[in-house]
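Residue numbers (our numbering): 1305 to 1432.
Glycine is no exception: its CB is placed at the ideal position from the N, C-alpha and C atoms.
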């Protein structure tokens, strides 16, 4: 396993696209495969399949606009054709700040990395 600036760059690009509200850019970062999965914070935020995930991204960003992410330190690793990242980010709204944990899995496709899984979740009060 080696540290991967490519995987870290992919995570940063995802955050930047989400912050800008650019659904086309964000959807373009995901692997085109039925196994592509995005897991949000709520029980109803589990999206599988590249077409469904892309549609949900377009609908959500189209309705709400960008998400005010403040990136934290994200660390990426790779071994062969698979990479992963983990880190902490913050969503900063005028009235509240929400700290999140974020993890993702990337696969090498066509000479570049694509996201296969993204998971983000709230830190729960009283839990480490």
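Beta-carbon contacts of residue i that lie in its chain and below 6 Å, excluding the five residues immediately before and after
i            : result
residue 1331 : 1358 and 1361
residue 1352 : 1341
residue 1350 : 1343
Cβ distance (whole Å) where residue i is taken to contact residue j below 8 Å
i            : j            : result
residue 1402 : residue 1373 : Residue 1402 to residue 1373, Cβ: 10 Å. No contact.
residue 1381 : residue 1305 : 5 Å
residue 1389 : residue 1312 : 6 Å
residue 1327 : residue 1366 : 7 Å
residue 1315 : residue 1408 : 6 Å
residue 1355 : residue 1333 : With a Cβ gap of about 15 Å, residue 1355 and residue 1333 do not count as contacting.
Where the alpha helix (DSSP H) containing residue i begins and where it ends
i            : result
residue 1322 : 1309 to 1324
Extent of the continuous beta strand (DSSP E) run through residue i
i            : result
residue 1332 : That residue, residue 1332, is in no beta strand (DSSP E); its alpha helix (DSSP H) goes 1327 to 1332.
residue 1406 : 1401 to 1413
residue 1379 : 1378 to 1383
residue 1341 : 1341 to 1343
residue 1389 : 1386 to 1396
DSSP three-state assignment for residue i, whether helix, strand or coil
i            : result
residue 1354 : helix
residue 1306 : strand
residue 1366 : helix
Other residues of its chain near residue i: CB distance less than 8 Å, five sequence neighbours each side excluded
i            : result
residue 1377 : 1391 and 1392
Proximal residues to residue i (C-beta, below 7 Å), its chain only, five neighbours per side dropped
i            : result
residue 1413 : 1335
residue 1319 : 1373, 1375 and 1393
residue 1308 : 1380, 1381, 1382 and 1387
residue 1371 : 1322, 1323 and 1395
residue 1385 : 1411 and 1412
residue 1329 : 1321
Residue i: CB within 8 Å of a non-hydrogen atom of the ligand HEM
i            : result
residue 1364 : Annotation note on the ligand HEM: not contained in the displayed structure, which lists no ligands.
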